[in-house]
Structures are given as structure tokens and as C-alpha cells.
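Working notes for the structure below.
Protein chains: 2
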Amino acid sequence: MDELPGALGTSASLSLRMGQTIFSSAALLFMCLDVEFYSYTAFCFLVTVMGLVIPWSLTLSLVDAYSVFVKCPLHQPGIMLVVIIGDWVLSFLSLAAACSTAGVTDLLLNVNGSHCPARLCGRYQLSAAMAFLSWFLSLASSLFNLWRLPSL
Amino acid sequence: MDELPGALGTSASLSLRMGQTIFSSAALLFMCLDVEFYSYTAFCFLVTVMGLVIPWSLTLSLVDAYSVFVKCPLHQPGIMLVVIIGDWVLSFLSLAAACSTAGVTDLLLNVNGSHCPARLCGRYQLSAAMAFLSWFLSLASSLFNLWRLPSL
């Protein structure tokens with residue numbers, strides 16, 4: 001059985017998962033360095049979603065690392081299906097969080113600039129950008145695994 | 001070849017497309033009844049995306065109606081692929097627009113209530129809800145067509 005790069009248990013998948021973990025941690029960190037985020041619903045949503053994405057990506061990167069280094073590939077359609085659906089749902093949530101954060105940050109910057117010091121708003125923008133990158137990598141993982149599913 | 005309900009050219013697909021057209025038109029209408037939306041980036045984005053979704057859904061509902069009433073089903077993988085990718089992209093854009101609109105409306109309502117009369121903000125909320133419904137139906141269409149693709 002040939003290994004599709006990017007499917008669960010390959011080194012490409014390991015790097016995708018590492019990227020997701022790094023970007024979602026960065027999004028969480030940029031948002032949480034101050035406690036200001038607590039007053040905006042969109043920012044709380046981002047923190048919640050990133051708090052779900054980090055353990056998920058971390059767990060799957062451990063599974064990938066085990067599978068790559070011990071040379072024991074996973075070929076169970078049930079597990080793959082759970083991973084695909086989880087990635088799918090988390091990618092939608094990440095996109096939703098990133099978009100609402102970007103929208104709110106843009107509003108804070110443009111309409112009432114006094115509400116948001118430039119330093120703080122720059123950090124919110126970085127956080128939204130990191131959440132977008134995390135969404136993109138989750139979606140890529142999900143698509144690679146979906147592509148792989150019928151051949152199992 | 002059995003017809004999967006919801007795939008291109010069935011009556012279920014026709015009703016999905018009609019729903020998309022109605023919900024996206026409603027979202028556009030609720031947003032555009034005043035010209036206030038022009039000052040917020042997120043609302044302009046929603047209007048742009050809904051302006052893309054409406055002709056797309058309308059065209060595909062015409063194709064479905066033709067296919068249902070003339071009994072001439074479409075079985076070309078190329079067309080299906082274009083439809084799936086288009087639905088996919090538009091569903092992501094709809095979700096992004098709905099989330100940023102919802103985030104911005106929430107901010108306008110809670111943080112600085114004076115910026116937004118209740119009547120206007122209620123309309124923005126309705127518009128975001130309609131965009132969410134339109135996203136959901138686009139995603140359903142895309143998934144049904146994707147499910148159908150391998151059997152063509």
C-alpha cells in the first residue's frame with residue numbers, strides 16, 4: 001500500500017501537525033498576553049477554539065511521530081474517519097474564530113481608534129493571522145486524509 | 001445508476017439551491033436596506049460574498065430545474081468537479097463573512113451601544129444568521145456532490 005504524503009502516519013503529516021500546534025499556540029499567546037480580550041466575544045471564541053485545536057494537534061503529532069519512528073503505519077478506517085471529522089470541525093471553528101477576530105480588530109482599528117492602542121491591535125491582528133494559518137493546515141490535513149480514506 | 005438525493009440534477013438539490021438563493025438574498029437585503037454598511041469592512045465583505053453566492057445558486061438551480069423537469073440528468077465528472085469546488089470555496093467565503101459580521105455586530109451592540117440603533121443592529125444580526133444558513137446549505141450541496149462523484 002503506497003503512502004500518500006500528508007495522510008496520517010507520514011512525515012509530511014507530522015510536519016503539518018507541528019505547524020498547526022505552533023500556529024495555534026502563537027494565536028493563543030498573542031491573544032492572551034493581556035487580559036483585555038475578555039471583554040470581546042469574538043476574542044473569547046478564538047481563545048476557546050485555539051484551546052481545543054492545541055491538544056488535538058499535539059495528540060495527533062504524537063501519533064504521527066510514533067508511526068514514523070516505530071514504522072508502524074495506521075490503517076484503520078474507523079480511526080481515520082474520526083480524525084477526518086475532527087479536523088473538519090476544528091478547521092471550520094478555526095476559520096470562524098479567525099474571521100470574527102479579524103473583523104473585530106479591523107473595526108477597533110478604523111472606526112474608534114481610541115479604544116485600541118496600536119501595540120495591542122497589532123497583536124490581535126497577528127493572532128488572527130496565526131489562526132488563519134492554523135485553519136489552512138487543518139484543512140490540508142483533513143483533505144489529505146479524506147483522499148487517503150477510499151484506498152484503505 | 002441510482003440517484004443520490006441532493007446531488008446535482010435531483011429535486012432535493014433543486015430545493016437546496018432555492019434555499020441558498022433565498023437565504024443569501026435575504027442576507028444581502030437586510031444588510032443593504034441602509035447604506036450604513038459601507039463604513040464597516042466586514043459588512044462590505046458580506047455584501048460582496050452574497051453578491052457572488054446569489055448568481056451561482058441561481059444558475060445551478062436553473063440547471064437542476066432543467067434536469068428535473070426535462071429528465072435529462074447530468075453525469076459529467078468535469079462539471080461535477082467544477083460545481084463541487086465552486087460550492088466549497090463559496091461555502092468558506094460565506095462562513096467567513098457570516099462570522100465576521102456576527103463578531104462586528106456583537107461588538108457594536110455590547111461595547112459601544114450608542115453607535116448602533118437597536119433596529120439597525122437587529123437587522124445586521126438577521127443578515128449574519130441568513131448568511132450562516134446559506135453557508136450550511138452550500139456545504140450540504142458540496143458534500144452530496146462529493147459523495148456522488150466517485151460513482152460517476
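Read top to bottom, the protein sequences are chains A and B.
When we follow the UniProt record's numbering, the leftmost residue of the first sequence carries the number 1, and every step to the right adds one.
When we follow the UniProt record's numbering, the leftmost residue of the second sequence carries the number 1, and every step to the right adds one.
In this text, a Cβ means the ideal position worked out from N, Cα and C, and glycines have one as well.
For the segment 31 to 41 of chain A against the segment 62 to 73 of chain A, do three or more pairs of beta-carbon atoms, one drawn from each stretch, fall closer than 8 Å, so that the two count as touching?
no
For B:G103, count the other beta carbons within 10 Å of its own beta carbon; 16 or more makes it buried, fewer makes it exposed. Which is it?
By 1-based counting over the second sequence, the position of residue 103 of chain B is 103. That one is buried.
Please name the residue, chosen from A:A12, A:E36 and A:Q20, that lies closest to A:R119 on a Cα-to-Cα basis.
Taking the first sequence and counting its residues from 1, the one referred to as residue 119 of chain A is at position 119. Closest option to A:R119, Cα to Cα, is A:E36.
Rounded to whole angstroms, what is the Cα-Cα separation between A:V89 and A:V82?
Within the first sequence, numbered from 1, the residue matching residue 89 of chain A stands at position 89. Within the first sequence, numbered from 1, the residue matching residue 82 of chain A stands at position 82. Their backbone Cα atoms lie some 11 Å apart in a straight line.
Determine the direct distance from the alpha carbon of A:P117 to that of B:L143, and round the result to whole angstroms.
Here residue 143 of chain B refers to the residue found at position 143 when the second sequence is read from its first residue. Here residue 117 of chain A refers to the residue found at position 117 when the first sequence is read from its first residue. So the two alpha carbons sit approximately 43 Å from each other.
Candidates B:A131, B:G78 and B:H75, of which the one nearest B:T101 by Cα
Stepping through the second sequence from its first residue, residue 101 of chain B is reached at position 101. If you compare the alpha carbons of B:A131, B:G78 and B:H75 with that of B:T101, the shortest gap goes to B:A131.
Expected contact under 8 Å - CB spacing of A:S138 and A:A27 to nearest Å
Working through the first sequence from its first residue, we reach residue 138 of chain A at position 138. Working through the first sequence from its first residue, we reach residue 27 of chain A at position 27. In fact, because the Cβ distance is near 12 Å, the residues do not count as touching under 8 Å.
Does B:E3 pass the burial test, meaning 16 or more other C-beta atoms within 10 Å, or should it be called exposed?
The residue you call residue 3 of chain B lines up with position 3 of the second sequence. So B:E3 ends up on the exposed side.
Taking 8 Å as the CB-CB cut-off, is B:S24 touching chain A?
Against the second sequence, residue 24 of chain B aligns to sequence position 24. By this cut-off, B:S24 is not an interface position.
According to DSSP, simplified to helix, strand and coil, what is B:Y38?
Translated into positions along the second sequence, residue 38 of chain B becomes position 38. Note: B:Y38 maps to helix in three-state DSSP.
Would you call the segment 45 to 52 of chain B in contact with the segment 6 to 16 of chain B, where contact means no fewer than 3 C-beta pairs closer than 8 Å?
no
Which parts of the UniProt domain "Casparian strip membrane protein" (9 to 137) of chain A are runs of the alpha helix (DSSP H), unbroken and 4 residues or longer, counting only runs that do not cross its ends?
11 to 32, 41 to 69 and 77 to 110
Run down chain B in chain order and give the residues with a C-beta less than 8 Å from the C-beta of A:T41.
Here residue 41 of chain A refers to the residue found at position 41 when the first sequence is read from its first residue. Result: G103, D106, L107 and N110.
Check this for me: beta carbons of B:L95 and A:A98, under 8 Å apart or not?
Walking along the second sequence from the start, residue 95 of chain B turns up at place 95. Walking along the first sequence from the start, residue 98 of chain A turns up at place 98. No, they are not a contact pair.
Looking at chain A, which residues of the segment 79 to 102 of chain B have a Cβ within less than 9 Å of any of its Cβ atoms?
Going along the segment 79 to 102 of chain B in chain order, one finds F92, L95, A96, A97, A98, C99, S100, T101 and A102 with a Cβ nearer than 9 Å to chain A.
Straight-line gap, B:L62 to B:M80 (C-alpha atoms, nearest Å):
To locate residue 62 of chain B, count along the second sequence from 1; it is residue 62. To locate residue 80 of chain B, count along the second sequence from 1; it is residue 80. When rounded, the distance between both Cα atoms is 15 Å.
Looking only at C-alpha atoms, which of A:S11, A:L152 and A:R17 sits nearest to A:F136?
Position 136 of the first sequence, counted from the start, is the residue given in the question as residue 136 of chain A. Sorting A:S11, A:L152 and A:R17 by C-alpha distance to the C-alpha of A:F136 places A:R17 at the top.
Thinking C-alpha only, which one of A:L60, A:T105 and A:L14 is nearest A:T41?
Reading the first sequence from its first residue, position 41 is the one you call residue 41 of chain A. Selected option, being the one with the closest Cα: A:T105.
When you compare the CB positions of A:L149 and A:I85, do they come within less than 8 Å of one another, or not?
As a working mapping, residue 149 of chain A is identified with position 149 in the first sequence. As a working mapping, residue 85 of chain A is identified with position 85 in the first sequence. No, the Cβ-Cβ distance between A:L149 and A:I85 is not below 8 Å.
Given a cut-off of 8 Å on the beta-carbon distance, is the pair B:N145 and B:D87 in contact?
For the purposes of this step, residue 145 of chain B is identified with residue 145 of the second sequence, where counting begins at 1. For the purposes of this step, residue 87 of chain B is identified with residue 87 of the second sequence, where counting begins at 1. Yes, these two residues count as a Cβ contact at 8 Å.
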